[in-house]
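**Q** To start, I am sharing the structure in question, which I have written as structure tokens.
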Amino acid sequence: MNLLFVDTPGHVDFYNIRKTIALIIKFAVIVVDLNEGFMPQTYDSLENVRNLKIPLLIAFTKFDLYRKKNLSLIKTQLNKLNYLHNFINNRNNFNVFVSSKSIDSSIFLLNVLIHRIYSLLTQKLDLHCVLGTILDVLKNKNNSISTLIFLKKGSININDVLVTKTTFCKIKTIQTLTNKFKLFGISGFLY
């Protein structure tokens, strides 16, 4: 089993990156500073996660510095999204309060992550591995990209996400050239 951790910048300019990555992840961790509360990009991330029905853990940081007024502000912000009710009733979502000054809270966060990911992987994640070699990447006249792939194991369908060492993209079209060679039209960049 392999786990891929993707850390996206929280800055609002990286909205499209976060939205694209949300299409391939199976579990999300959103980090919220207790002193600052939710930022506009936090709401965007929460909406992406909720719309795609991705299990979620919210890690509230700087627990050692929080003030009760900040906690009530965050509860108000969660209530606006109707998330507090969902977190209480949804066994796939958790909130964890951590402080970087306490090793115990970091260990607790790691244990919660390991437990949640393990239970999700053993419950319902449908992961299938495809083994193949990218033989050629072609840029078409209309600036779309096609990839010639030799499949050694497995199969690829339209709307599957192709993940390589350097990028990921979604399969848009498939053209079978022979039994093992297929031409895939993809959306995204392949380097």
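Read in UniProt numbering, the sequence shown has 67 at position 67, and its numbers run on one by one without any break.
Beta carbons are placed, not taken as given, at the ideal position from N, Cα and C, and that holds for glycine.
Note that this is a predicted model, so its numbers are computed, not measured.
If you measure between the beta carbons of K62 and L34, is that distance less than 7 Å?
**A** One-based indexing of the sequence shown puts residue 62 at position 62. One-based indexing of the sequence shown puts residue 34 at position 34. Yes, they are a contact pair.
**Q** Identify every residue that forms a DSSP beta bridge with N95.
**A** Mapped onto the sequence shown, residue 95 falls at position 95. Note: N95 sits in a beta bridge opposite I58.
**Q** Taking the beta carbon of F38 as the centre, do at least 16 other beta carbons fall within 10 Å, making it buried, or is it exposed?
**A** Position 38 of the sequence shown holds residue 38. Result: buried.
**Q** Can you tell me whether DSSP reads L148 as helix, strand or coil?
**A** Taking the sequence shown and counting its residues from 1, the one referred to as residue 148 is at position 148. Looking at L148 - three-state DSSP - the assignment turns out to be strand.
**Q** Can you check which of these residues, K26, N143 and D44, is closest to I17 by C-alpha distance?
**A** Position 17 of the sequence shown, counted from the start, is the residue given in the question as residue 17. That would be D44, whose Cα lies nearest to the Cα of I17.
**Q** Should the region 94-111 be regarded as contacting the region 136-150, the criterion being three or more beta carbon pairs within less than 8 Å?
**A** Flag = no, the region 94-111 and the region 136-150 do not touch.
**Q** Measure the alpha-carbon distance for K153 versus V130 and round it to whole angstroms.
**A** As a position in the sequence shown, residue 153 is number 153, starting the count at 1. As a position in the sequence shown, residue 130 is number 130, starting the count at 1. Distance between the alpha carbons of K153 and V130: 6 Å.
**Q** Taking its Cβ as the centre, do 16 or more other Cβ atoms sit within 10 Å of N79, making it buried, or is it exposed?
**A** Your numbering for residue 79 matches position 79 in the sequence shown. Classification for N79: exposed.
**Q** I158 to L109, Cα distance in whole Å?
**A** Taking the first residue of the sequence shown as position 1, residue 158 is located at position 158. Taking the first residue of the sequence shown as position 1, residue 109 is located at position 109. Their backbone Cα atoms lie some 37 Å apart in a straight line.
**Q** Does DSSP classify K53 as helix, strand or coil?
**A** Translated into the one-based positions of the sequence shown, residue 53 becomes position 53. Three-state DSSP puts K53 in coil, outside helix and strand.
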